[in-house]
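Residues in the sequence shown are numbered from 302 upward in steps of one, following the working numbering. Have a look at the structure below, then the notes.
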Amino acid sequence: MRQLNPEVAAARPLKIQLHSVGFISDKDLFSSHSDMINIFSEWGLPTSKEAKRIENLNDAINYCDEITFARDKLEYEIDGVVLKIDQKSLQNELGFSSRSPKWAIAKKFKAEEGSTEVLSVSFQMGRTGSLTPVANLKPVKLGGVTISNATLHNMDEIERLDLRIGDTVNIKRAGDVIPKIISVVKAKRVNKSSIISSPDKCPCCQNEISFFESQTPSLNIDHLERNDKNCFGLDQFKESLKHYVSRQAMDIDGLGVKTLNLLVNEGKVSSVIDLYKLSPSDMVGLEGFADKSINKLIDSIKKSKNIKLSNFIYSLGIKEIGIETSKNLSREFKNLKNLYTASIEDFLLVDDVGEVASNNLFNFFSSKKYINLLNQFIELGFSFEKESPQESEGYLSGKVIVITGKLNEFSRDDLKIILEKNGAKVQNTISKKTSFLIVGSDAGSKLEKALKLNIEVIKDSDINKFLIDQNNE
302 MRQLNPEVAA
312 ARPLKIQLHS
322 VGFISDKDLF
332 SSHSDMINIF
342 SEWGLPTSKE
352 AKRIENLNDA
362 INYCDEITFA
372 RDKLEYEIDG
382 VVLKIDQKSL
392 QNELGFSSRS
402 PKWAIAKKFK
412 AEEGSTEVLS
422 VSFQMGRTGS
432 LTPVANLKPV
442 KLGGVTISNA
452 TLHNMDEIER
462 LDLRIGDTVN
472 IKRAGDVIPK
482 IISVVKAKRV
492 NKSSIISSPD
502 KCPCCQNEIS
512 FFESQTPSLN
522 IDHLERNDKN
532 CFGLDQFKES
542 LKHYVSRQAM
552 DIDGLGVKTL
562 NLLVNEGKVS
572 SVIDLYKLSP
582 SDMVGLEGFA
592 DKSINKLIDS
602 IKKSKNIKLS
612 NFIYSLGIKE
622 IGIETSKNLS
632 REFKNLKNLY
642 TASIEDFLLV
652 DDVGEVASNN
662 LFNFFSSKKY
672 INLLNQFIEL
682 GFSFEKESPQ
692 ESEGYLSGKV
702 IVITGKLNEF
712 SRDDLKIILE
722 KNGAKVQNTI
732 SKKTSFLIVG
742 SDAGSKLEKA
752 LKLNIEVIKD
762 SDINKFLIDQ
772 NNE
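What follows is the structure in structure tokens.
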């Protein structure tokens, strides 16, 4: 439906099933959700034939089992069943979290599994220079989608799976979305299978690749300027640009992945500074750009020159420096040039900055190359706003809170705002100073460290109760 050419969308057999409303002026029009669906049907609007009103929990479980069994016979793809409280008055009483209604929950299907062959393993460059191994698979259809690649995360994962090129593997789509190798079929391993080794040098620029934690290979090259050769460094530069323009960094609207790739590939941008040297004439003739969109993009780039210092520090993509650490650095050092003369010990005095982060900061801000680059930003007319002082009052005053894992009740950004507004200090790393760890699904090493340090752990589902309890203390 978002095709630029409406004829393309018109040629597709698109169908819709209506199940809810966005806004309604008459709040008493529907007494229940099932009533609403029935009225939709009476109006001639398309609704799901599978939608059903259930009287109790056991019947709801049985219904989910029925739909799971009938899933493959439906005329459309589904990844689960949504269970909703039917009565509208109860819906209103339960209300909404920042992300979803509290009167509805999704029961996801078990991820569909399949098997295929690993044809090769390639390495993709990320923003911080880390190389992520990716399995290139013999294409296989899974859940209506053809899978040809699956991330392997790091060399530890390859070792854990005992994976080799040529192996037959079992795969699934985690959450029915992300392809994941779950095991190797050792019985089908053949003599031609070969052990996977991480590269020791970039095949193009010949820069040496080093290793950090979790056997993660990393290429240490300048990430804010394009490497002349078409190597890993080019991927890193593109990822750095993507991070630089993101919402929590410089927040430049209109510079999506496709546009950034186009500007880099066409030679219009070879350094982050080049974004501010773009003129309308540079954009003319580029795919997807007309006069209106060109002017809008140029205005958005110019607007980013007035931004908080913390956003700018975060946009630079320095390893181990997240948005909260950037805020702390901004409050401590006040302006950009003060960072140039700071020592490792000065950085260590900043909240949420440990030894690794302080070394990364010192190496970055003492580099003549990066100082020259940062001075160019100042010459371009950048004006950095002061960071607002951290809230000191509130029922969470003095509490240090870390968040990890995927949250369901809140978005991470919204939760940070709530916590900080009520006096908490939200950090990225666990330490003895941490008061609470808020844990969502897929929590990792932070949870293990918190348990070792006897730090109180708050489950995602208990956040509202935690906030109420803290407020009442």
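The beta-carbon is built from N, C-alpha and C at its ideal position, and this holds for glycine as well.
Alpha-carbon spacing of residue i relative to residue j, whole angstroms
i    : j    : result
L662 : I574 : 20 Å
F767 : N357 : 30 Å
I362 : P307 : 42 Å
M337 : L330 : 8 Å
V570 : L564 : 6 Å
E405 : P314 : According to the sequence as given, residue 405 is Ala; it is not Glu. Each residue's Cα considered, the two are about 30 Å apart.
P518 : S499 : At P518 the pLDDT is 49, less than 50, meaning the model places this residue with poor confidence; the figure from the coordinates comes in the next sentence. In a straight line, the C-alpha of P518 is about 7 Å away from that of S499.
R474 : E418 : 16 Å
F590 : G557 : 13 Å
K707 : K539 : 26 Å
K628 : S611 : 5 Å
D714 : E721 : 11 Å
I288 : Q392 : Since the displayed the chain opens at 302 and closes at 774, residue 288 lies outside it and no answer follows.
K753 : I496 : 36 Å
E514 : D457 : Its pLDDT being 41, under 50, E514 is placed unreliably by the model, and the measurement read from it follows with that caveat. Computed Cα separation, rounded: 10 Å.
S451 : V585 : The identity of residue 451 in the sequence shown is Ala, whereas the question assumes Ser. Looking at the two C-alpha atoms, the distance is approximately 37 Å.
K700 : K687 : 24 Å
I759 : N636 : 36 Å
I325 : F424 : 51 Å
Q771 : V485 : 48 Å
L443 : L640 : 51 Å
I764 : G623 : 23 Å
T735 : R632 : 20 Å
K609 : L542 : 18 Å
S742 : A488 : 33 Å
Residue i classed as buried or exposed, judged by whether at least 16 other C-beta atoms fall within 10 angstroms
i    : result
V309 : exposed
W344 : exposed
I472 : buried
E394 : exposed
E390 : It is worth fixing the name first, because residue 390 is Ser in this sequence and not Glu. The residue is exposed, with fewer than 16 neighbouring Cβ atoms inside 10 Å.
D360 : exposed
Q516 : With a pLDDT of 46 at Q516, under the threshold of 50, the modelled position of that residue is not reliable, and no figure is offered here.
S605 : buried
I595 : buried
K726 : buried
K316 : exposed
E710 : buried
N664 : exposed
K374 : exposed
A751 : buried
K481 : buried
N455 : buried
T775 : Residue 775 falls outside the range modelled here, since the chain spans only 302 to 774, and no answer is possible.
S421 : exposed
A757 : It is Glu, not Ala, that sits at residue 757 in the sequence shown. Exposed is the call here.
E460 : exposed
F685 : buried
Reference residue i; option with closest CA among the options
i    : options                   : result
D501 : I472, S431 and G444       : S431
T447 : M456, N437 and H334       : N437
K299 : F370, D366, E376 and S326 : Because the chain in this structure spans residues 302 to 774, residue 299 falls outside the shown range and cannot be described.
R354 : P347, Y364 and L346       : Y364
R465 : S742, K493, K439 and S746 : K493
L576 : E588, G618, T560 and G589 : T560
Q318 : S594, D380, S326 and S342 : S342
Y545 : N596, Y615, N607 and S495 : Y615
H334 : I483, P480 and A352       : A352
L649 : Y641, N639 and N660       : N660
Q728 : S742, E710, F711 and K747 : K747
N773 : N723, K620 and S762       : N723
I645 : I553, I619 and E656       : E656
K411 : Q388, P440 and I368       : I368
Residue(s) in a DSSP beta bridge with residue i
i    : result
R474 : P480
F685 : I608
E351 : Bridge partners of E351: none, in fact.
V446 : L443
R465 : I496
E526 : S572
V485 : V470
A591 : Paired residues: none, contrary to the question.
S333 : Q388
T642 : The partner list for T642 (beta bridge, DSSP) is empty, contrary to what the question assumes.
Check: residue i C-beta below 7 Å from any heavy atom of the ligand FAD
i    : result
K489 : The model on display carries no ligand, and the ligand FAD is accordingly not part of it.
- Message: My parser needs the beta strand (DSSP E) runs of 3 or more residues fully inside the region 700-764; what are they?
- Response: 701-705, 726-728, 737-740 and 757-760
Would you list, in sequence order, the uninterrupted beta strand (DSSP E) runs of no fewer than 3 residues that lie entirely inside the region 604-638? 607-609
What are the start and end residues of each continuous alpha helix (DSSP H) run of 4 or more residues lying completely inside the region 541-589, in chain order?
558-566 and 581-584
Length at least 3, wholly inside the region 647-679: the beta strand (DSSP E) runs in chain order: none
Item checked: Ranges of the alpha helix (DSSP H) found wholly within the region 363-444, counting only runs of at least 4 -> 389-395
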